[in-house]
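The next block holds one structure in the form of structure tokens; read it before the comments.
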Ligand code: TYD
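Structure follows, in structure tokens:
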């Protein structure tokens with residue numbers, strides 16, 4: 795089974811500025827089926843607070859910064875996303891909480907799976923229970 799990991803993307807910089815290119819099954823370790831982005835987040839807001847039975851994600855702060863807490867069913871890890879050339883890969887069955895959004899944070903999220911509310915687990919106890927059954 796895959797585990798949560800940070801991914802450092804190649805930065806193509808020159809005198810004009812910077813560019814990062816992301817391709818499926820290359821920098822992004824899956825076929826991309828869905829893209830969404832989160833911005834204008836309210837002060838002190840915590841987003842996420844769910845796990846996914848089928849969706850894997852790569853989360854990138856393309857502007858600003860955010861903290862991400864991941865629980866893999868056994869332990870908690872905390873990551874800071876504060877630059878566009880770093881992504882956080884989260885496998886399915888990862889509990890995710892995003893907080894400490896800077897006011898300029900734009901959080902880009904890529905996923906291997908189209909949106910389906912039924913594959914979201916929004917209760918932490920249920921997540922732990924299903925994790926143990928894997
Ligand atoms: P929600 O899952 O609550 O966001 P977060 O993970 O940041 O807490 O989603 C907010 C709304 O957006 C909800 O009505 C469902 C909708 N939504 C989609 O339609 N497609 C998507 O891919 C996502 C992530 C959310």
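In the working numbering, the protein residues as written are 795 to 928.
Just so you know, even glycine gets a beta-carbon here, dropped at the ideal spot from N, CA and C.
If you check the beta carbons only, do residue 875 and residue 822 fall under 8 Å apart? no
Of the residues 927, 910, 880, 838, the one placed nearest residue 801, counting alpha carbons only: 880
Any chance the CB of residue 909 is under 7 Å from a heavy atom of the ligand TYD? yes
My output table needs one value for residue 800: the three-state DSSP class, helix, strand or coil. strand
Residues that DSSP places opposite residue 891 in a beta bridge: 842, 863
Three-state secondary structure (DSSP) at residue 810? coil
Would DSSP call residue 926 helix, strand or coil? helix
Endpoints, beta strand (DSSP E) assigned at residue 847: Segment: none, residue 847 is in no beta strand (DSSP E) and carries neither H nor E.
Does residue 850 pass the burial test, meaning 16 or more other C-beta atoms within 10 Å, or should it be called exposed? buried
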